[in-house]
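Under this note's numbering, the first residue of the sequence shown carries the number 662, and numbering increases by one thereafter.
Glycine residues also receive a C-beta, built at the ideal position from the N, C-alpha and C atoms.
In this text the structure is predicted, and so the values were computed from the model without any measurement.
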Amino acid sequence: MKVLILGGGYTGQHLAQLLTEQAISVLATTRSGQWPLNLPCLTFDASTTPPLLPDPEILAGVTHVLSTIPPLSDGRDPVLATLLPTLQQIPLQWCGYLSTTGVYGDTQGAWVDEESPLQSTNRRSQQRIAIEAQWQASGLPAHIFRLPGIYGPGRSSFDRLRRGDNQRLLKPGHVFCRIHVNDIAAALWASMQHPNPGRIYNVSDDCPCEPALLIEEAARLMGLELPPAQPFDAVELSPMAASFWSECRRVRNDRLKQELGVQLRYPSYREGLAAIWTAEQS
């Protein structure tokens with residue numbers, strides 16, 4: 662097995678660490694051709710003219726490919742727009758694409774699974790819906806992974822509190838889903854070992870909840886005074902934040918568990934935050 666991670670950012674780095682622990686050969690791409698891990702890294706930037714592409718000869722022997730890269734500003738998928746012919750020439754056993762649970766749109770808190778309609782009216786999520794279909798029609802052994810908000814070491818409510826971003830917005834009944842980055846890596850690794858091209862998986866934890874609960878739990882663990890609560894309607898949000906708060910849904914992960922045998926290490930934010938805090942204190 663030789664794994665190519667297109668987009669060596671936060672999730673890509675955590676997957677690479679898991680794979681190297683399994684003695685799997687890994688190489689990645691970033692726009693700069695550099696990343697913090699002591700592993701091979703290639704330059705890939707589809708936003709330039711002409712695009713900066715990795716040498717096809719270096720990709721020889723790759724068996725598994727994961728794309729973590731979001732759409733370009735014009736809505737195109739950077740990998741499919743520039744690398745598809747190269748990838749089609751490689752006898753791949755598995756391909757993965759990281760999408761978003763935003764494709765389901767607003768269900769007013771109702772549960773969704775992988776068979777639920779894709780009804781988002783958000784432009785970014787509509788782009789993802791189109792790109793998912795393009796991956797599935799690409800001729801590659803594609804698997805789609807729909808992710809909610811990602812958190813983990815260096816990207817959690819602890820970091821928000823430290824930088825003073827301690828808004829505790831109250832909108833009763835409005836929940837968000839999330840997933841710890843290490844559980845994403847475990848899910849991808851499980852799928853790599855049990856390929857099922859064309860399959861879609863929700864990768865979300867078991868505990869959709871109001872976001873204020875995470876700030877409250879992080880403040881408790883840090884021994885900080887609880888930030889004051891603010892009614893949602895009394896706060897002016899950025900357009901990006903407002904778009905997130907405009908949708909409410911609960912995401913089922915049954916297929917992830919039943920088909921891939923994934924047991925979430927962090928089934929809720931409580932276990933996830935506790936593990937991050939413990940690691941930070943060691």
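Distance from residue 764 to residue 786 at the Cβ level is roughly 5 Å; contact confirmed, criterion being Cβ atoms closer than 8 Å. Residue 741 and residue 814 have their C-alpha atoms roughly 31 Å apart. Taking C-beta atoms as the reference points, residue 831 and residue 880 fail to come closer than 7 Å.
As a beta-bridge residue in DSSP terms, residue 829 pairs with 890.
Around the beta carbon of residue 668, 16 or more other beta carbons lie within 10 angstroms, which makes this residue buried. Counting of Cβ neighbours within 10 angstroms places residue 901 among the exposed residues, the total staying below 16. In this structure, 882 is the residue among 804, 882, 894, 899 with its C-alpha nearest to the C-alpha of residue 940.
The Cβ neighbour count for residue 942, taken over all protein chains shown within 10 Å, is under 16; the residue is labelled exposed. Note that the stretch 928–936 touches the stretch 857–873; at least 3 beta-carbon pairs, one per stretch, sit closer than 8 Å. Contact annotation: residue 700 and residue 846 have beta-carbon atoms that are not nearer than 7 Å. Secondary structure remark: continuous alpha helix (DSSP H) runs of at least 4 residues inside the stretch 770–849, in chain order: 784–797, 818–823. With a 10 Å radius around the Cβ and a threshold of 16 neighbouring Cβ atoms, residue 855 comes out exposed. DSSP places residue 935 inside the alpha helix (DSSP H), whose first and last residues are 930–942. In this structure, the alpha-carbon of residue 892 lies about 24 Å from that of residue 812. Separation of residue 692 and residue 864 (C-alpha to C-alpha, rounded to the nearest whole angstrom) is 26 Å.
Around the Cβ of residue 736, a 10 Å sphere holds fewer than 16 other Cβ atoms; the residue is exposed. For residue 704, DSSP records a beta bridge to 691. Closest in alpha carbon position to residue 748, among 770, 717, 731, 778, is 717.
Excluding sequence positions up to five before and after residue 826, its CB lies less than 7 Å from no other CB in the same chain. Here the C-alpha atom of residue 818 lies approximately 18 Å from the C-alpha atom of residue 844. In this structure, the alpha-carbon of residue 851 lies about 11 Å from that of residue 857. Excluding its 5 nearest sequence neighbours in each direction, residue 705 has C-beta neighbours in its own chain below 6 Å: 690, 715, listed in chain order. Sequence-distant Cβ neighbours of residue 788 in its own chain, meaning closer than 7 Å and more than five residues away, are 732, 736. Residue environment for residue 794: exposed (fewer than 16 other C-beta atoms within 10 angstroms of its C-beta).
Per the C-alpha coordinates, the member of 806, 906, 759, 816 positioned closest to residue 937 is 816.
The continuous stretches of beta strand (DSSP E) do not include residue 710, and DSSP gives it neither H nor E. Each residue's CA atom was taken as its position, placing residue 808 and residue 710 some 30 Å apart.
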